[in-house]
Amino acid sequence: AKARGRDNYQFFSDEMNVELTRQLAMEAELRIALQQDQFELYYQPQVDLNTGKLIGYEALLRWIHPEKGFIPPSDFIPVAEDSGLILPLGEWVLRSACQHIKQFTERGLLPKDGHVAVNISPRQFHDANLVTVISDLISTTGIESQQLEVEITESLLMENVDSTIATLNMLKQLGIILAIDDFGTGYSSLNYLKRLPIHVLKVDRSFVMDIPKDKDDMEITSAVIAMAHKLGLRVVAEGVEIIEQADFLKENQCDFVQGYYYGKPMSVADLYENIRNFDQW
Ligand code: C2E
Ligand code: CA
Ligand code: CA
Ligand code: CA
Numbered sequence: 517a518k519a520r521g522r523d524n525y526q527f528f529s530d531e532m533n534v535e536l537t538r539q540l541a542m543e544a545e546l547r548i549a550l551q552q553d554q555f556e557l558y559y560q561p562q563v564d565l566n567t568g569k570l571i572g573y574e575a576l577l578r579w580i581h582p583e584k585g586f587i588p589p590s591d592f593i594p595v596a597e598d599s600g601l602i603l604p605l606g607e608w609v610l611r612s613a614c615q616h617i618k619q620f621t622e623r624g625l626l627p628k629d630g631h632v633a634v635n636i637s638p639r640q641f642h643d644a645n646l647v648t649v650i651s652d653l654i655s656t657t658g659i660e661s662q663q664l665e666v667e668i669t670e671s672l673l674m675e676n677v678d679s680t681i682a683t684l685n686m687l688k689q690l691g692i693i694l695a696i697d698d699f700g701t702g703y704s705s706l707n708y709l710k711r712l713p714i715h716v717l718k719v720d721r722s723f724v725m726d727i728p729k730d731k732d733d734m735e736i737t738s739a740v741i742a743m744a745h746k747l748g749l750r751v752v753a754e755g756v757e758i759i760e761q762a763d764f765l766k767e768n769q770c771d772f773v774q775g776y777y778y779g780k781p782m783s784v785a786d787l788y789e790n791i792r793n794f795d796q797w
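Okay, so the sequence shown: first residue is 517 according to UniProt numbering, each after it adds one.
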């Protein structure tokens with residue numbers, strides 16, 4: 517039996533073991549991080565291309581580990597998602613964002629018709645409590661529901677189409693804004709998109725990053741913008757880093773932009789220091 521146990525052990529590659537151990541360790545650290553408040557929300561400006569004015573922000577989660585320092589969301593979100601910790605973590609994100617919306621509005625850092633966009637992961641979106649959690653947060657913080665925008669990814673839309681549409685409809689009923697994130701990276705059909713009760717489409721950074729060098733990306737981007745407008749959607753282009761990209765997007769009637777060219781994600785303290793009033797943006 518001992519010998520067989522050994523064989524079984526060797527069946528798993530060392531890499532698999534290392535990866536599993538890493539995930540379990542991170543899961544334990546995520547639990548502690550939640551208890552000890554090691555998370556912070558950063559905010560990246562979104563700008564109206566026509567007026568050049570600030571229209572809102574995307575909230576982006578940061579984990580500042582006491583010893584390891586900054587851990588990127590691409591490292592820990594998948595672990596939070598797999599372990600289910602995304603539910604308490606996602607609720608923390610929503611609550612913090614709603615509290616910040618209140619503060620930003622009071623300080624003149626967010627126009628009344630502006631918004632903060634929050635990322636919702638697939639597991640969180642399919643959780644039965646999501647709509648109640650959001651509706652309670654809107655009433656307890658006293659924000660306008662249209663000041664909250666939720667971003668869901670295209671891939672999420674492929675599973676459980678009917679329940680996805682039902683949840684989107686309930687959220688829309690609350691008055692919050694619904695956005696499809698990373699558009700173009702998944703495989704949803706245009707016909708399908710037409711059925712969804714959404715307001716905003718975010719063109720993925722991968723289409724924007726090689727403008728103006730990549731002519732195909734330029735064709736795709738302008739076609740996506742035109743198609744979205746035909747469906748009555750507003751378009752946000754993400755990952756805008758240079759003026760040539762901003763100019764191209766403006767020429768092609770893109771509504772809103774987000775990217776390093778306009779501003780990196782910043783802490784609330786930085787935001788208070790750098791953005792004194794949205795009117796002066
Ligand atoms: P995302 O939702 O697509 O967010 C945009 C990412 O692009 C952010 O990375 C942002 O910092 C980065 N970015 C923005 N402008 C530029 C630019 O001009 N150039 C380049 N190179 N990058 C730019 P970040 O903050 O590392 O977040 C990565 C991903 O982690 C997000 O992608 C999102 O999927 C996920 N994420 C972040 N916060 C949350 C959260 O609160 N909840 C959930 N479920 N996921 C989150
Ligand atoms: Ca996003
Ligand atoms: Ca995105
Ligand atoms: Ca992305």
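Even glycine gets a Cβ: it sits at the ideal position worked out from N, Cα and C.
Q. In chain order, what residues of the same chain lie with their CB nearer than 6 Å to the CB of L540, ignoring the 5 residues before and after it?
A. none
Q. Cα separation between P781 and P561?
A. Taking the straight line joining both Cα atoms gives about 7 Å.
(Q) Less than 7 Å between C-beta atoms, sequence neighbours within five positions excluded: which residues of the same chain meet that for V649? (A) Closer than 7 Å at Cβ, skipping near neighbours: E607 and L610.
Q. Would you report the Cα separation of L536 and P594, rounded to the nearest angstrom?
A. 13 Å
Q | Proximity of S671 and G702 at Cβ, strictly below 9 Å | A | Taking 9 Å as the Cβ cut-off, S671 and G702 qualify as a contacting pair.
Q | By C-beta, the residues closer than 5 Å to any heavy atom of ligand 1, given in chain order | A | L576, L577, P589, I593, V609, N635, S637, G755, E757, G775, Y776 and P781
Q.
I need the DSSP call for I685, collapsed to helix, strand or coil.
A. The sequence given here places Asn at residue 685; Ile does not occur at that position. Residue state, collapsed to three classes: helix.
(Q) So, does the region 674 to 682 touch the region 716 to 729, judging by three or more C-beta pairs under 8 Å? (A) no
Q) Is the beta carbon of A695 sitting closer than 9 Å to the one on E660? A) no
Q: Could you pull the start and end residues of the alpha helix (DSSP H) that V609 belongs to?
A: V609 -> alpha helix (DSSP H) spans I602 to E622.
Q) What residue does the alpha helix (DSSP H) around T737 start on, and which one ends it? A) K731 to K746
Q) In angstroms, rounded to a whole number, what distance separates the CA positions of V563 and I571? A) 5 Å
Q) When burial is assigned at 16 or more other CB atoms within 10 Å of the CB, is V534 buried or exposed? A) exposed
Q) Would you say L550 and P604 are within 9 Å of each other, going by their C-beta atoms? A) yes
Q: Go to I758, then tell me how far its alpha helix (DSSP H) extends in each direction, as first and last residue.
A: Taken as a continuous stretch (DSSP letters only), I758 belongs to no alpha helix (DSSP H), as it is neither H nor E.
Q) For G572, which beta-bridge partners are listed by DSSP? A) Q562 and H631
Q) Does DSSP classify residue 500 as helix, strand or coil? A) Residue 500 cannot be examined here, being either before or after the span of the chain that is shown, 517 to 797.
Q: Would you mind stating whether P638 and L684 have Cβ atoms separated by less than 9 Å?
A: no
Q: Compare the Cα-Cα distances from E789 to each of S612, F620, R578 and V724 and report the closest residue.
A: F620
Q. Helix, strand or coil for D763 per DSSP?
A. helix
Q: Check whether the Cβ atoms of L626 and I617 sit closer than 9 Å, and answer yes or no.
A: yes
Q. Can you tell me whether DSSP reads I587 as helix, strand or coil?
A. I587: strand per DSSP, three-state reduction.
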